[in-house]
Amino acid sequence: LHGLGGVGKTTLAWHYAHDHLGSYRLVWWIRSDTPELIDAGLAALAARLRGDAAPLPTAQAVTWAIGWLQAHPGWLLVFDNVEKPEDVRGIAGQLRDAGRQLITSRCKEGWTGAPIALPVLDAEASLDLLARLTDGGDEDEAARALAEDLGHLPLALEQAGAFIAQTSLTVDEYRGMLRAHPEHATDAAPPGSDPARTMARIWRITLDVLHERDPRAVDILRIAAWYAPTGIPRDLFAPLAENPVDRAGLLALLANYNMITLDRTSLGVHRLVQMVARTPSEADPHRPQSLITAARDRAAAWMRHALPPDPVANVEGWPTWRILLPHAEALLTAWSPAEDTVDTSWVLNAVATYLEGQGEVRKAAEYFHRALEADTRVLGADHPDTLMSRNNLAGAYESAGDVGRAIALFEQVLVDSVRVLGADHRDTLTSRNNLAYAYESAGDVGRAIALYEQTLADRVGVLGVDHPSTLRSRNNLAYAYESAGDVGRAIALYEQTLADRVRVLGVDHPSTLTSRNNLAGAYESAGDVGRAIALYEQTLADRVRVLGVDHPDTLRSRNNLAGAYESAGDVGRALALYEQTLADSVRVLGQDHPTTKIVRENLTSARAKASPPTD
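Using my numbering, you'd call the opening residue of the sequence shown number 647 and step up by one each time.
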């Protein structure tokens, strides 16, 4: 029987031995943590069988016991908690055909017998165990959550249930204590129980063996503790072992001792193993504060290195983002904001930018705010990274529809950027562009146009006519012209910008698709609805192909196309598309997202047109 420490191997072996006492002429249990304990167990067997005979030296007693077992078949020996297969290989070979041997171990490879993997409990079994220990009650949902917190590990559930029963805590109160003091689950035993039977002490033996084999294996465990428990990409650990064969060997070593699960591309670590590996203990040589902090810092640095650049426009990087996002968020959740560093601030800003681009504006704003606090504390209020964090937070406010708050912060950032970086610095120009966009969102189109025109001229001079930021300024200025009613001027600038974006960025770049969407809107504003519909339909098809059916820009394209159908008098077609888009927008973005609100208002208006009030 092999499995993670605490999964119940010893308990299962004990029940098997107890239930089959009548099936064997002899059942004997041997503690097998070390070769010395194995010899002691066999010597004790010899003493029991010899009765009143004079005791033998250990080596002779072991030989006598093996000889007796060979001559008297039909017995069961249980070797409990064998650390290394070689510790019992010789004995097992000598006794192979005489009786049955049941071995429990955390090591899954290197055995001559049939290995049986023992998994954690399923959700219902976990709930049943907690209910028996805590007298049940009406806390099923809290108990399910606690079982998930503890990764359905039997020993952890048993200790949690015993503590709850002894202290009369509710399950929710225990979960709160666990979050505040994780060492309670890892290093403390309930009153009256064996103090050696804690998760940390049980796994300490395995960590000792791993460290002896290769200290980098324990490093991997400490670093993986900061990521999500499943689906951790193997390549994340390349900085620790750049040679793929070497890296595969380290991961195989951990998997062999059931400290991780491993497949071709990723690995998983049990939640409680992660909790132990993140929780400092000066009594454990594998978990002093210095090693925990170093592992945490490496986890952040490696995540920063692995996250693809430009999370909004770099569509090719989105599959990697989807893989890494759970691990980046797990890192940020486990990391105390008061201890954020430059690396965590970078990860916070990158994750927030990706989430904002995918429509998760509220969570993005939370991460941007935390990044700003970290940069202000670590770098100072006037550091360029701090100024950019403030700009990012203002942008999230604007995306969430809180335009007044966005404008106030953008204006403050712009003043400070001019003072610290200079009027022509590219970050200052970004702040001016974003402030103009916020003015336009607030309905102050004249002020927006003036600032857009100034920013465009300066970007051409500083960055060049074909720089992506310059092209963005031209697109934004065209939109402002359209908002001001100067549709002819808007169309001319949109068409020029679209042609340049196709040439510079490519036909499928998200910014190019934005230009096509905006140009279609200008055609519609000019009354050329047929041309608008054709371009909207083409853009929608390409956004579905490039960005995905649920991307916020795709949802906006569907809303715009429905509006064009409505403008063309095809209200039935418009209603069907509005309804579908609203349902998907609620599902993807939420009830209160600005895009959802716009689609809902458009649907209400279209319904009113389809069913005008009667006298």
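Backbone N, C-alpha and C define an ideal beta-carbon position, used for all residues, glycine too.
Straight through space, the alpha carbons of Leu775 and Gly822 are spaced by roughly 20 Å. In this structure, Leu1193 places its C-beta atom within 8 Å of the C-beta atom of Pro1156. The beta carbons of Asp1188 and Asp1154 sit closer together than 8 Å.
Sequence-distant partners of Val1232 (beyond 5 residues in either direction) whose C-beta falls short of 8 Å from its own C-beta, in its chain, are Thr1242.
Nearest to Phe1014 by alpha-carbon distance, out of His1029, Gly1003, Val997, is Val997. Sequence-distant Cβ neighbours of Leu1039 in its own chain, meaning closer than 7 Å and more than five residues away, are Ala1011, Phe1014, His1015, Leu1018, Leu1055. Taken atom to atom, the span from the alpha-carbon of Leu741 to that of Gln716 is near 6 Å.
According to DSSP, Gly1173 shares a beta bridge with no other residue.
Around the beta-carbon of Asn889, fewer than 16 other beta-carbon atoms lie within 10 Å, marking it exposed. Taking every protein chain shown into account, the CB of Lys1255 has fewer than 16 other CB atoms within 10 angstroms, so this residue is exposed. If you keep only unbroken beta strand (DSSP E) runs of at least 3 residues inside the segment 1045-1069, you get nothing at all. Inter-residue distance for Asp1199 and Leu647 is about 53 Å (C-alpha atoms, whole angstroms). Counting C-beta atoms within 10 angstroms of its own C-beta, Leu1181 has 16 or more neighbours from the protein chains shown and is therefore classed as buried. The C-beta separation of Glu1128 from Ser1087 comes to about 14 Å, leaving the pair out of contact by the 8 Å criterion. Taking a cut-off of 8 Å for Cβ pairs, the segment 1161-1179 and the segment 934-951 do not touch, as fewer than three such pairs fall below it.
For Ser1213, the uninterrupted alpha helix (DSSP H) segment begins and ends at 1198-1213. Looking at the DSSP output, Thr907 shares a beta bridge with Gly914.
Each of Ala808, Asn1080, Ala1096 was checked against the Cα of Val1049, and the nearest Cα belongs to Asn1080.
Annotation for Arg742: no beta strand (DSSP E) segment contains it, and DSSP assigns it neither H nor E. The beta carbon of Arg893 is closer than 8 Å to those of Arg880, Phe883, Ala884, Leu886, Ala887 in its chain, skipping five residues each way along the sequence.
Taking Ala1178 as the centre and dropping the five residues before and after it, the same chain places the C-beta of Ala1166, Tyr1169, Glu1170, Ala1210 closer than 6 Å to its C-beta, in chain order. Segment contact: the segment 719-731 against the segment 663-677, three or more CB-CB distances shorter than 8 Å; contact assigned. A distance below 8 Å separates the beta carbons of Leu1075 and Thr1101. Collapsing the DSSP output to three states places Ala700 in coil.
Taking Ala874 as the centre and dropping the five residues before and after it, the same chain places the C-beta of Pro972, His973, Ala976 closer than 7 Å to its C-beta, in chain order. By the criterion of a C-beta distance shorter than 8 Å, Leu897 is surrounded in its chain by Ile866, Arg880, Phe883, Ile906, Leu908, Leu913, once the five residues flanking it on both sides are discounted. Per DSSP, Trp967 is one residue of the alpha helix (DSSP H) stretching across 964-980. Asp768 is bridged by DSSP to nothing; it lacks a bridge partner. Cβ atoms of Val1245 and Leu1221 stay farther apart than 8 Å, at about 12 Å. Taken through DSSP and simplified to helix, strand or coil, Pro879 comes out as strand.
The alpha-carbon separation between Thr813 and Leu803 amounts to approximately 15 Å. Rounded to whole angstroms, the Cβ separation of Ala826 and Thr780 is 20 Å, and the two are not in contact under 8 Å. In the displayed model, Arg752 falls within coil according to three-state DSSP, outside both helix and strand.
Listed as beta-bridge partners of Leu994 by DSSP are no residues whatsoever.
With a cutoff of 8 Å on beta-carbon distance, Ile869 and Ala952 are scored as not near each other. Straight-line measurement puts the Cα of Val922 at about 6 Å from the Cα of Ala846.
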